[in-house]
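Worksheet: the structure to be examined is printed underneath.
There are 2 protein chains.
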Amino acid sequence: MKKLKLEELGRLTPEEYKEKTKISLSIVLDNIRSMHNVGASFRTSDAFLIEKIYLCGITATPPHREIHKTALGAQDTVSWEHHADTAELIKSLKAEGKTIVAVEQADKSTMIDEFIVDPSQSYVLVFGNEVEGVSEQAFNLSDFCVEIPQFGTKHSLNVSVSMGIVLWEFVKKYNK
Amino acid sequence: MKKLKLEELGRLTPEEYKEKTKISLSIVLDNIRSMHNVGASFRTSDAFLIEKIYLCGITATPPHREIHKTALGAQDTVSWEHHADTAELIKSLKAEGKTIVAVEQADKSTMIDEFIVDPSQSYVLVFGNEVEGVSEQAFNLSDFCVEIPQFGTKHSLNVSVSMGIVLWEFVKKYNK
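Keeping their order, the protein sequence lines are chains A and B. In terms of our numbering, the first sequence opens at residue 1 and continues consecutively. In terms of our numbering, the second sequence opens at residue 1 and continues consecutively.
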């Protein structure tokens, strides 16, 4: 067995990426404070062919040196929009027929491994602020809430890590 | 539906955590450069009740301000050891009967969703340096290699994100 070299990875060019069919899944970053998390969201979204990143409220937008440091160029391939008001954006996405899924710890959440993804649906996953989580308004507008089971002392995964896990669970089911 | 308050999360105290049975899964950080990634590994390992973190080579160890910033206290709950030489550590873990799984992009890797986890086994997952990946020596000593499928222009998920996804896939199968 041998490690693959960079040129053996089958990476798309930015032009090929642009033409490639994305999966019908977008993410909302609801007032994310850390540019590291914003950068990671671009890198993960590039890897999984996510349709769009909605950067909302105080969430920083490219071009920004701190975002680029983590995104490593993915900020130029993945589509994004900035919206000042997360709740207004979610209302308009719902009006377009999209299914809104908040990622939160809530009393009636569904554990992520038990959530049934319908690949004919167009989902929007909402990730919240590092301290406050998803804002109440955005949370209340969501159709579903999914949660990553946690068993330790913190119950507070890093936002980039949560995005990786939840996107992976959805992407896997879209690609089946 | 309502968001849970901190006191409703059912978080373990550090004492309860210590007594809690961990899953038979450890991780090796093979020359990880970023303390953000080290900190996140503690936080994710705390959430999933990982047995031990082996910090190897240049990987920084607690106590360190930059690790604490991301680990948020999990550096005090999760067991860890430092080893100067990753390959020597892996040899001794293999001698103890553990199954070594490198997380890498390789010609004969198994995609992570297709890897069959045997919960009666004790696994050690090896995560490599941000640029170089898992060192050749450690890679060659591994029993298996798993890979996260990636479809975009980068094929280079952040190490913390990769750890989250791969640990989650294993943990899910242990908990079934």
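Heads up, the beta-carbon is just placed ideally off N, CA and C, and yes, glycines get one too. Quantities reported herein were computed from a predicted structural model and do not represent experimental measurements.
{"Item": "Excluding five sequence neighbours on each side, which residues of the same chain lie with their C-beta closer than 7 Å to the C-beta of Lys22 of chain A?", "Value": "Leu49, Ile50, Glu51"}
{"Item": "Check whether the Cβ atoms of Leu25 of chain B and Lys91 of chain B sit closer than 8 Å, and answer yes or no.", "Value": "no"}
{"Item": "Per DSSP, Thr110 of chain B is paired with what?", "Value": "B:Val146"}
{"Item": "Just checking: is the beta-carbon of Ala106 of chain A within a distance shorter than 8 Å of some beta-carbon in chain B?", "Value": "yes"}
{"Item": "Is it buried or exposed for Ser41 of chain B, if we count other Cβ within 10 angstroms and need 16 for buried?", "Value": "buried"}
{"Item": "Could you work out which residue in A:Val126, A:Gln121, A:Glu96 is closest to Glu185 of chain A when comparing CA atoms only?", "Value": "The displayed coordinates of chain A run from 1 to 176. Any statement about residue 185 of chain A would go beyond what the structure contains."}
{"Item": "If you compare alpha carbons, which of B:Glu7, B:Ala106, B:Asn175 is closest to Met1 of chain A?", "Value": "B:Ala106"}
{"Item": "Reducing DSSP to helix, strand and coil, say where Glu104 of chain B ends up.", "Value": "coil"}
{"Item": "Decide if Asp85 of chain A is buried, meaning its Cβ has at least 16 other Cβ atoms within 10 Å, or exposed.", "Value": "exposed"}
{"Item": "What do you get for Asp46 of chain A, buried or exposed, if any count of 16 or more other CB atoms within 10 angstroms of its CB means buried?", "Value": "buried"}
{"Item": "Taking just the CA atoms, how far does Ser34 of chain B sit from Val134 of chain A?", "Value": "28 Å"}
{"Item": "In three-state DSSP terms, what is Ile53 of chain B?", "Value": "strand"}
{"Item": "Which runs of the beta strand (DSSP E) fall wholly inside the segment 121 to 146 of chain B and span at least 3 residues, in chain order?", "Value": "123 to 128"}
{"Item": "Is any beta-carbon of chain B found at less than 8 Å from that of Ala87 of chain A?", "Value": "no"}
{"Item": "Taking the straight line between their C-alpha atoms, what separation do you get for His83 of chain A and Ile116 of chain B?", "Value": "42 Å"}
{"Item": "Which residue marks the beginning of the beta strand (DSSP E) containing Asp30 of chain B, and which one marks its end?", "Value": "23 to 30"}
{"Item": "Of all the CB atoms in chain B, is at least one closer than 8 Å to the CB of Trp168 of chain A?", "Value": "yes"}
{"Item": "Less than 8 Å separating the beta-carbons of Ser160 of chain A and Val146 of chain B?", "Value": "no"}
{"Item": "Determine the direct distance from the alpha carbon of Asn37 of chain B to that of Thr70 of chain B, and round the result to whole angstroms.", "Value": "8 Å"}
{"Item": "Specify the secondary structure class of Thr99 of chain A as computed by DSSP and reduced to three states.", "Value": "strand"}
{"Item": "In the DSSP output, what is Lys3 of chain B paired with across the bridge?", "Value": "A:Ala106"}
{"Item": "Do you know offhand how far Lys108 of chain B's Cα is from Glu81 of chain B's?", "Value": "30 Å"}
{"Item": "Taking the alpha-carbon of Pro63 of chain B as reference, which of B:Ile53, B:Tyr54, B:Ala95, B:Gln75 has the nearest alpha-carbon?", "Value": "B:Gln75"}
{"Item": "Which residues does DSSP list as the beta-bridge partners of Glu81 of chain A?", "Value": "A:Tyr54"}
{"Item": "If we call anything under 8 Å between Cβ atoms a contact, is Cys56 of chain B one with Leu93 of chain B?", "Value": "no"}
{"Item": "For a cutoff of 8 Å on Cβ pairs, would you count Leu65 of chain A as touching chain B?", "Value": "Per the sequence shown, the amino acid found at residue 65 of chain A is Arg instead of Leu. Not closer than 8 Å to any Cβ of chain B, the Cβ of Arg65 of chain A fails to qualify, so no."}
{"Item": "Closest by CA to Gly10 of chain B, which one among A:Gln150, A:Glu132, A:Ala60?", "Value": "A:Gln150"}
{"Item": "For Thr13 of chain B, count neighbouring Cβ atoms within 10 angstroms of its own Cβ and tell me buried if that reaches 16, exposed if not.", "Value": "exposed"}
{"Item": "If you draw a straight line from the alpha carbon of Ile53 of chain A to that of Ser79 of chain B, how long is it in whole angstroms?", "Value": "37 Å"}
{"Item": "What residues of chain A sit near His68 of chain B, judged by a beta carbon separation below 8 Å?", "Value": "In chain order: nothing, as chain A lies at least about 13 Å away."}
{"Item": "Spatial neighbours of Lys20 of chain B within its chain, please: C-beta separation below 8 Å, excluding the five flanking residues on both sides.", "Value": "Leu12, Leu49"}
{"Item": "Among B:Glu169, B:Leu6, B:Lys173, B:Asn129, which residue has its Cα nearest to the Cα of Asn158 of chain B?", "Value": "B:Asn129"}
{"Item": "Here's the rule: buried if 16 or more other CB atoms are within 10 angstroms of the residue's CB, otherwise exposed. What is Ser120 of chain B?", "Value": "exposed"}
{"Item": "Identify the continuous alpha helix (DSSP H) that holds Ile165 of chain B and give its terminal residues.", "Value": "159 to 175"}
{"Item": "Rank B:Thr44, B:Asn31, B:Phe144, B:Asp113 by C-alpha distance to the C-alpha of Ser156 of chain A and give the top, closest one.", "Value": "B:Thr44"}
{"Item": "Taking only the alpha-carbon atoms, compute the straight-line gap between Val124 of chain B and Asp118 of chain B and give it to the nearest angstrom.", "Value": "13 Å"}
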